[in-house]
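J.: Right, I'll just put the structure down here and ask away after.
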Amino acid sequence: MAVVHFSTDQRQHTGVAEIAIEAANVRDLVRQLSALYPSLDAHLVETSSTAVAIDGEIIPDPWLEELTDTSEVYLVRPLAGG
Amino acid sequence: MRYAAPTTIDEARALLAGDAGAIVFAGATDVVPQMRGGRPEPSMLIDLKKIDRLMSVSLDGDTWHVGAAAPSSALTANAAFAAEFPGLTEAAGLIGSDQIQNRSSLGGNLCNASPAADSVPALVVNDAIAVIAGSDGERRVPVADVVTGPGQTSLAHDEIVVCFELARPAARTSDAYLRLIPRTEMDIAVVGAGVRITLDGDGAVSAATVALGAVAPTVVRVPAAEAALVGSRLDDDALAAAADAASDACNPIDDKRGTISYRRQVAGVLTRRAAGIAADRIRTRNGQTSNEERAS
Amino acid sequence: MSRTHVTCEVNGDAVDFLTEDGESLLNALRDELGLIGAKEGCGTGDCGACSIIMNGRLQCSCLIFAPEADGAAITTCEGLASADELHPLQQCFLEGAALQCGICTPGFLIAAKALLDENPDPTETEVRYALAGNLCRCTGYDKIVRSVLEAAVQIRTPA
Amino acid sequence: MSTTEAPANTGTNGNGSSGYRWVGTRPVRHDGLDKVAGKARYAADLNLPGMLYGHILRSPHPHARIVSIDTSAAEAMPGVKAVVTGADFPEAPPKGATRNLMCTVIARDKVLYSGHAVAAVAASTRREAKAAAEAIEVTYELLPHVLNISDAMADDAPVLHDNLFTRGVEPRPTEPSNVAARTVYERGDVEQGFGEADIVIEREFSTQAVHQGYIEPHACVVDCDQEGKAVIWASSQGHFMVRSSTATVLGWDTSRIKVIPAEIGGGFGGKTTIYIEPVAALLSTKAGRPVKIVMSREDVFRATGPAPGAIIRMKVGARNDGTITTAKAWLAYENGAFQGIAAMLGCMCVVSAYTLDHLYVEGFDVVLNRPVNVAYRAPSAPAAAFAMDSVVDEIAERVGMDPLDLRIQNCPSQGDPTPYGPKWPMIGLRECLEAIRDSDHYQSELPEGQGRGVASGFWFNIGEASSATVNLNENGTATVITGSPDIGGSRASMALMAAEELGLDVHLIQPVVGDTEVVGFTDVTEGSRATFATGMAVVEACRDLKEQLRKRAAKTWDCDVEEVEWVDGSAVHGPGEQEPLTLAAITGNAKRTGGPLGATASLNARGAGPAFSVQVADVSVDQETGRVTVERYTTAQDAGTAIHPSYVEGQMQGGVVQGIGWALNEEYIYSDDGNLENPGFLDYRIPVASDLPMIETVIVEVPNPSHPYGVRGVGEVGIVPPLPVMANAVADATGVRISDLPLSPPRVLEALTAAES
């Protein structure tokens with residue numbers, strides 16, 4: 016199962032630091048998280064945390080990004096660079 | 018806005034007299050940035066570079082005449098002039114890039130009346146005289162008396178600085194000019210210090226002039242520093258006293274380029290260093306002379 | 083604003099144009115003559131991107147009023163190459179990767195030409211000071227300085 | 024070129040060991056000739072028949088309500104064809120990124136910084152446009168303003184946006200403030216960590232806002248027709264970004280807009296957004312004529328950029344053996360007039376070059392009455408590195424270790440956790456540290472009277488979306504069309520990768536930057552992504568083409584495609600019964616085997632691969648005036664694989680020199696009344712040629728496994744280490760540690776004087 020790690024402010028909505036979830040892709044994962052933590056969605060929108068870091072890589076548009084049993088997931092803001 | 022390029026001083030003066038909104042220029046290295054920065058557009062731009070006398074650099078007897086509109090590069094390229102006024106030549110050669118030095122002039126540097134003008138302290142220590150053409154003919158004014166405040170001069174609207182007169186330096190005399198800028202080039206002086214020294218046959222200072230730029234509304238001549246140097250052999254105590262006197266003579270402001278305390282401190286440092294350079298130049302020159310004498 | 087008819091020589095060609103009196107030579111070159119090599123980076127003589135050689139002297143064309151050019155001989159970046167051969171500076175800039183965005187390149191080439199015309203064998207320090215009036219924000223100047231030094235060698239010792 | 028006495032650039036660029044034929048070579052760039060001949064067309068170089076000149080009127084006040092704008096006098100002036108104000112633009116949403124963009128392009132009810140665009144005029148000449156713009160009468164109701172972080176965070180500070188409530192704070196604030204967001208990253212227990220540490224060092228640092236300083240001011244020409252179509256010629260870091268942003272600001276459908284990329288005269292992040300295109304588009308629509316807007320240098324400084332200033336408090340704990348265990352950081356970054364993510368990025372970067380057991384990083388994004396931040400090369404990382412690597416140097420001093428050895432001892436590698444959570448992929452930090460340690464520079468004795476400083480720097484790098492089309496021409500040449508503007512030699516990189524794939528001479532490949540209607544969507548060039556991501560699209564298209572070429576050869580030979588291999592630019596018959604067919608032979612025969620050959624690839628590039636750089640400098644300091652001179656400088660950077668080593672070195676050197684400028688002399692100086700006092704290159708002091716030595720480079724190549732050639736972006740990270748490198752070198756030279764940038768002569772002398780007394 017993929018493990019989702021929550022940041023300090025996200026924990027205020029999840030109550031836990033991490034959770035293991037069986038999900039095929041990020042869309043599926045986010046759907047399950049929304050069901051588990053109803054206030055998390057609004058928080059993610061509010062903080063523009065629309066990107067996901069999977070196994071160390073920050074992916075700006077991760078909707079269909081596949082997850083594996085060993086995936087390590089963080090919900091983050093997309094980056095900007097120069 | 019009209020452009021005019023008179024070929025005589027009288028013609029230029031007549032144009033000026035006939036148009037209260039007219040200005041004269043040589044390199045326009047200050048005029049153009051000021052116009053972009055919001056300075057009201059003049060009604061006429063009078064280009065002085067077509068007037069031969071304003072463009073020439075010549076030695077007439079014991080007096081050098083430096084045309085007010087001659088570009089800085091005309092000085093730096095003039096080996097005879099540079100040998101006699103290395104400090105003034107350096108000052109002219111510090112004004113901006115090569116591109117700027119091919120346009121900037123001593124007359125423009127003076128009449129722009131910036132407290133930070135590099136060539137003004139160097140002109141002042143050499144007792145330069147500004148020759149000014151006006152309605153009553155020409156008058157001769159010490160350079161130090163031309164600028165009355167930031168952006169202000171004692172010139173009437175229809176007066177034009179024609180040239181600078183510089184007496185050839187006495188024996189065993191040299192000058193130096195140093196400035197502090199954050200970069201190596203392209204900046205406006207945070208502090209500038211000009212020094213001219215005369216050494217007697219024994220190596221003691223028989224005459225000295227010291228002038229500072231960018232530390233007061235106008236160039237500052239520092240008699241106390243001069244007094245500290247005269248009679249000395251430029252020993253550490255004398256140099257330190259001159260430096261302190263220079264620092265004390267400052268009346269600077271805090272601005273984007275430097276602070277009051279920084280300007281004071283560095284004015285002393287540069288005065289001391291410039292005095293040392295001027296003295297070294299005399300010693301080296303005399304050393305070279307004697308070497309040449311030996312060779313011949 | 084008054085307009086002046088200016089006749090001059092640019093890159094060896096006799097040209098003439100009509101200009102507003104307060105217009106910069108830079109704008110006249112670009113807009114009236116279509117010579118876009120000289121660029122405006124600042125308009126105040128601080129960046130050198132508009133460098134030209136007028137009557138043998140390296141200058142910022144943004145500081146020159148266009149009527150001043152009457153009777154003058156002007157070289158711009160466009161005048162460096164011949165029909166079939168680049169100037170050694172241009173060739174060395176290409177081979178030495180001395181340009182990234184390229185906006186400052188025409189100004190650097192002109193300033194470097196002015197230097198080498200006067201001093202065919204400059205030291206690195208002399209090159210750096212001669213080019214201090216030209217700003218480049220991309221390269222850190224390293225490859226520009228190297229390329230000018232290499233061009234100096236090539237000009238001194240033609241193949 | 025080995026004619027100079029300056030140290031040569033060394034590197035490990037891959038040509039020899041990699042086995043590549045083209046990748047790693049240094050051909051003359053394809054767009055080079057136009058650029059040295061003065062023929063390359065930047066946006067300001069374009070003139071169209073009937074074109075008007077636009078001029079934008081800007082606020083002289085840092086914070087004011089716009090009471091009224093009277094354009095009647097301006098409209099009546101000679102040559103004036105159109106006037107626009109904020110009222111001519113669609114209403115902006117109440118908050119969010121779209122509002123920020125719309126209100127940056129033109130102010131609505133309030134101006135939020137001196138230089139904020141208020142109105143614009145199009146007229147027949149520049150002079151007429153400027154005169155008319157100045158004749159627009161704007162009535163302002165002045166509001167109190169804030170210019171620095173401390174003032175903006177104060178309880179009684181004037182508030183810029185009455186609907187801005189700090190996020191990241193629970194419970195959510197009920198009063199608006201200038202603190203847009205709070206970001207926290209934590210791991211372990213810092214109090215425990217400090218308790219167990221042998222050494223704890225706590226310092227506060229500050230850096231000033233700086234500008235990207237590209238030499239080309241923003242420029243565009245926009246031609247709108249009567250059917251509502253707009254063609255925009257713009258100098259930008261991404262013309263698809265210009266299209267979408269212009270459409271957003273104007274409320275237009277993107278299909279109305281075509282953007283043609285002009286050459287770009289430097290960006291460094293500063294041209295990843297727009298300022299003038301929608302204004303020109305509206306003026307052009309009103310006037311029915313093309314409109315050109317070129318910013319003045321003064322406007323560039325007053326109204327674009329900058330990179331933010333920051334205040335950073337660091338507390339770091341270490342053991343006597345040099346192991347850094349714990350860090351607590353408090354970071355506040357200027358955001359400019361609208362909220363951004365500067366502090367968040369700073370939080371992610373601040374301790375990235377170190378492994379730590381205990382970590383608490385807290386960041387604050389602060390709005391104030393300055394122009395809104397735009398990215399500048401590795402945004403936020405330089406200030407963060409300045410703080411951390413200054414403290415790390417002090418730790419090395421305290422424990423008596425070589426500063427590079429200490430960094431090597433504490434450096435993360437693959438699998439270690441990043442400060443923001445996820446684990447590091449394969450990274451080349453250790454290799455960069457070792458490269459500097461082993462460099463001729465670091466091994467050389469430090470000249471008398473000088474100081475030496477080292478530091479490391481991190482930046483993420485970004486992938487994003489790219490497209491490429493590769494067409495094979497009938498004569499056996501190829502055209503490579505991408506959507507990434509060529510800022511610093513990327514055309515050459517694209518051509519080199521295509522040459523390698525196809526086995527074609529790089530000079531037979533014509534790289535083209537296509538407009539928004541000829542190539543697929545491509546994200547803005549940021550995050551060091553062009554050679555990585557767009558290069559990946561080029562490679563993918565070329566691989567598609569190679570398949571097609573094999574099939575054509577099979578058709579020609581009437582054999583099974585499995586029997587055909589592509590070797591060195593030719594189809595080779597595996598069983599050996601046929602003479603190889605060159606690419607030119609196949610394309611020349613293409614109509615008979617199925618038609619022209621071309622391929623397109625569009626992708627989301629994954630695996631950009633973090634970038635690290637380690638640098639060393641020797642400096643001398645004039646103890647009486649505080650002037651710092653850089654005597655020698657060497658930079659090592661992990662490029663993954665250097666496609667065109669000369670332009671990799673160029674990115675490294677350029678980044679270093681920008682960082683040196685930031686460290687030594689560059690800064691925004693505001694007057695108390697909120698106006699920028701140094702909006703020009705005279706007093707905004709970017710380094711000049713005579714300020715610098717050669718910048719020696721060591722290209723480290725730890726191939727990025729996510730890219731077909733191992734490319735890692737090289738554009739940004741070079742700017743990160745110079746800030747701490749300079750501070751550490753000055754400290755070594757003088758014995759005095761300065762924690763506020765820039766290290767300008769007055770500041771250095773003040774610190775030296777204070778240390779003496």
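As given, the protein sequences belong to chains A, B, C and D, one line each in that order. Okay, so the first sequence: first residue is 16 according to the working numbering, each after it adds one. Okay, so the second sequence: first residue is 18 according to the working numbering, each after it adds one. Okay, so the third sequence: first residue is 83 according to the working numbering, each after it adds one. Okay, so the fourth sequence: first residue is 24 according to the working numbering, each after it adds one. Virtual Cβ for every residue (Gly too), placed ideally from N, Cα, C.
What runs of the alpha helix (DSSP H), each 4 residues or longer, lie entirely inside the region 331-383 of chain D?
T.: You should have 365-372.
J.: Rounded to whole angstroms, what's the CA-CA distance from ASP174/D to ALA29/B? Just pull it up for me.
T.: Looking up residue 174/D in the fourth sequence gives position 151. Looking up residue 29/B in the second sequence gives position 12. Cα to Cα, ASP174/D sits roughly 55 angstroms from ALA29/B.
J.: Helix, strand or coil: which one does DSSP assign to TYR163/D?
T.: On the fourth sequence, position 140 is the one that residue 163/D refers to. It is a strand residue.
J.: Tell me which same chain residues have a C-beta within less than 8 angstroms of the C-beta of VAL389/D, skipping the five on either side of it?
T.: Within the fourth sequence, numbered from 1, the residue matching residue 389/D stands at position 366. Once the five neighbours on either side are set aside, the close Cβ partners of VAL389/D are ILE172, ALA175, MET176, ASN201, VAL202, ALA203, ALA355, TYR356, GLU357, ASN358, ALA366.
J.: Give me the residue from SER121/B, GLU101/B, GLU155/B with the minimum Cα distance to ASN143/B.
T.: Residue mapping note: residue 143/B aligns to position 126 of the second sequence, counting from 1. Here the closest residue by C-alpha is GLU101/B.
J.: Please report the distance separating the alpha-carbon of ALA241/B from that of VAL148/B.
T.: Here the question's residue 241/B lines up with position 224 in the second sequence. Here the question's residue 148/B lines up with position 131 in the second sequence. ALA241/B and VAL148/B: Cα-Cα distance of roughly 28 angstroms.
J.: Identify the continuous beta strand (DSSP E) that holds PRO284/D and give its terminal residues.
T.: Residue 284/D sits at position 261 when you count from the first residue of the fourth sequence. Per DSSP, PRO284/D belongs to the beta strand (DSSP E) from 280-284.
J.: Going along chain D in order, which residues have a C-beta closer than 8 angstroms to the C-beta of MET52/B?
T.: Position 35 of the second sequence, counting from 1, holds the residue named residue 52/B. Those do not exist, as MET52/B stays about 11 angstroms from chain D at its closest Cβ, beyond 8 angstroms.
J.: Quick one: what's got a C-beta closer than 6 angstroms to LYS578/D's C-beta in the same chain, skipping five residues either side?
T.: The residue given as residue 578/D occupies position 555 in the fourth sequence. Correct list, in chain order: THR616.
J.: Between the beta-carbon of ALA255/B and the beta-carbon of ALA262/B, is there less than 7 angstroms?
T.: As a working note, residue 255/B is residue 238 in the second sequence. As a working note, residue 262/B is residue 245 in the second sequence. Contact: no.
J.: For VAL743/D, count neighbouring C-beta atoms within 10 Å of its own C-beta (all shown protein chains included) and say buried if the count is 16 or more, exposed if not.
T.: Locating residue 743/D in the fourth sequence gives position 720, where the first residue counts as 1. VAL743/D should be labelled buried.
J.: By the 10 Å Cβ neighbour count, where 16 or more other Cβ atoms means buried, how is VAL590/D classified, buried or exposed?
T.: Counted from its first residue, the fourth sequence places residue 590/D at position 567. The residue in question, VAL590/D, is exposed, as its Cβ has fewer than 16 Cβ neighbours within 10 Å.
J.: Going by C-alpha to C-alpha distance, which of VAL134/D, ILE280/D, ASP428/D sits closest to LEU391/D?
T.: Locating residue 391/D in the fourth sequence gives position 368, counting from the first residue. Comparing Cα-Cα distances from LEU391/D to each of VAL134/D, ILE280/D, ASP428/D, the minimum goes to VAL134/D.
J.: Going by C-alpha distance, which of ILE334/D, PHE409/D, GLU300/D, THR348/D is nearest ALA686/D?
T.: Locating residue 686/D in the fourth sequence gives position 663, where the first residue counts as 1. Minimum Cα distance to ALA686/D is reached at PHE409/D.
J.: So, using beta-carbon positions, are PRO747/D and SER268/D closer together than 7 angstroms?
T.: For the purposes of this step, residue 747/D is taken as residue 724 along the fourth sequence, with counting starting at 1. For the purposes of this step, residue 268/D is taken as residue 245 along the fourth sequence, with counting starting at 1. No, the pair does not count as a contact, with Cβ atoms beyond the cut-off.
J.: Is it buried or exposed, VAL164/B, if we count other Cβ atoms within 10 angstroms and call 16 or more buried?
T.: Translated into positions along the second sequence, residue 164/B becomes position 147. So VAL164/B ends up on the buried side.
J.: Since PHE147/C and ALA86/B are thought to touch, with beta carbons under 8 angstroms apart, how far apart are those beta carbons, to the nearest angstrom?
T.: In the third sequence, counting from the first residue as 1, residue 147/C sits at position 65. In the second sequence, counting from the first residue as 1, residue 86/B sits at position 69. Contact flag wrong, Cβ pair sits at about 14 angstroms.
J.: For ASP381/B, which residues from the same chain have a beta carbon less than 6 angstroms from its beta carbon, with the 5 sequence-adjacent residues on both sides left out?
T.: Residue 381/B cannot be examined here, being either before or after the span of chain B that is shown, 18 to 313.
J.: Going straight from the alpha carbon of ARG393/D to that of PRO85/D, what length do you get?
T.: As a position in the fourth sequence, residue 393/D is number 370, starting the count at 1. As a position in the fourth sequence, residue 85/D is number 62, starting the count at 1. Roughly 7 angstroms separates the two Cα atoms.
J.: Using a C-beta cutoff of 7 angstroms, does LYS781/D count as contacting chain A?
T.: Residue 781/D is absent from the structure shown; chain D starts at 24 and stops at 780.
J.: Just verifying my parser: in three-state terms, what is the DSSP assignment at PHE188/D?
T.: Position 165 of the fourth sequence, counting from 1, holds the residue named residue 188/D. Correct three-state label for PHE188/D: coil.
J.: Just to confirm the assignment: which complete beta strand (DSSP E) runs, minimum length 3, are found wholly within the region 193-279 of chain B?
T.: Here the runs fully enclosed are 208-216, 222-230.
J.: Do we get a CB-CB distance below 7 angstroms when we pair GLU779/D with the residues of chain A?
T.: Indexing the fourth sequence from 1 puts residue 779/D at position 756. GLU779/D does not count as touching chain A.
J.: Hey, out of VAL374/D, VAL395/D, GLY363/D, ALA401/D, whose CA is closest to PHE820/D's CA?
T.: Nothing can be reported for residue 820/D, as the shown portion of chain D is limited to 24 through 780.
J.: Tell me the start and end of each unbroken beta strand (DSSP E) in the region 111-167 of chain C that is at least 3 residues and wholly inside, in chain order.
T.: Listed in chain order, the complete beta strand (DSSP E) runs (minimum 3 residues) inside the region 111-167 of chain C are 133-136, 139-142, 155-157.
J.: Who are the Cβ neighbours of VAL740/D in its own chain at under 6 angstroms, not counting the five residues just before and after it?
T.: The sequence position of residue 740/D within the fourth sequence is 717, counting from 1. ALA401, GLY480, TRP482, ALA634, SER636.
J.: Determine the burial state of PRO113/D: buried for a count of at least 16 other Cβ atoms within 10 Å of its Cβ, exposed for fewer.
T.: Counting from 1 along the fourth sequence, the entry for residue 113/D is found at position 90. Classification of PRO113/D: exposed, given that the 10 Å Cβ count is below 16.
J.: Ordered along the chain, which non-local residues of its own chain (more than five positions away) have a Cβ less than 8 angstroms from that of PRO83/D?
T.: Numbered from its first residue, the fourth sequence carries residue 83/D at position 60. Excluding residues within five positions, the ones whose Cβ falls inside 8 angstroms are SER137, ASN698.
J.: Closest to VAL230/C by C-alpha separation, out of GLY184/C, ALA155/C, GLU177/C, would be which residue?
T.: Sequence index remark: in the third sequence, residue 230/C carries index 148 (1-based). When each option's Cα is compared against that of VAL230/C, the closest is GLU177/C.
J.: Only counting the same chain, and skipping five residues up and downstream in sequence, which positions put a Cβ closer than 6 angstroms to that of ALA296/B?
T.: Locating residue 296/B in the second sequence gives position 279, counting from the first residue. Here the set comprises ILE214, LEU251.
J.: Using CA atoms only, rank isn't needed, just tell me which of MET520/D, ARG150/D, GLY592/D is closest to THR48/D.
T.: Start at 1 with the first residue of the fourth sequence, and residue 48/D comes out as number 25. Comparing Cα-Cα distances from THR48/D to each of MET520/D, ARG150/D, GLY592/D, the minimum goes to MET520/D.
J.: Please confirm whether HIS53/D and PRO619/D have their CB atoms less than 7 angstroms apart.
T.: The count along the fourth sequence starts at 1 and reaches residue 53/D at position 30. The count along the fourth sequence starts at 1 and reaches residue 619/D at position 596. It is not a contact, given that the beta carbons lie outside the stated cut-off.
J.: Would you mind giving the Cβ-Cβ distance between LEU111/B and ILE63/B, rounded to the nearest angstrom? I have them listed as a contact below 8 angstroms.
T.: Residue 111/B sits at position 94 when you count from the first residue of the second sequence. Residue 63/B sits at position 46 when you count from the first residue of the second sequence. Their Cβ separation, rounded to whole angstroms, is 27 angstroms, which puts LEU111/B and ILE63/B out of contact at 8 angstroms.
J.: Helix or strand or just coil, what does DSSP make of ASN36/D?
T.: Position 13 of the fourth sequence, counting from 1, holds the residue named residue 36/D. Note that ASN36/D scores a pLDDT of 42, beneath 50, so its modelled location is shaky; the value from the coordinates is reported in the next line. Correct three-state label for ASN36/D: coil.
J.: Residues of the region 203-216 of chain C in Cβ contact with chain B at a cutoff of 7 angstroms, in chain order, please.
T.: For the region 203-216 of chain C, which is checked against every Cβ of chain B, the residues closer than 7 angstroms are TYR211, ALA212, ALA214, GLY215.
J.: Are there 16 or more other CB atoms within 10 angstroms of the CB of GLU193/D, so buried, or fewer, so exposed?
T.: To locate residue 193/D, count along the fourth sequence from 1; it is residue 170. Exposed: under 16 other Cβ atoms inside 10 Å.
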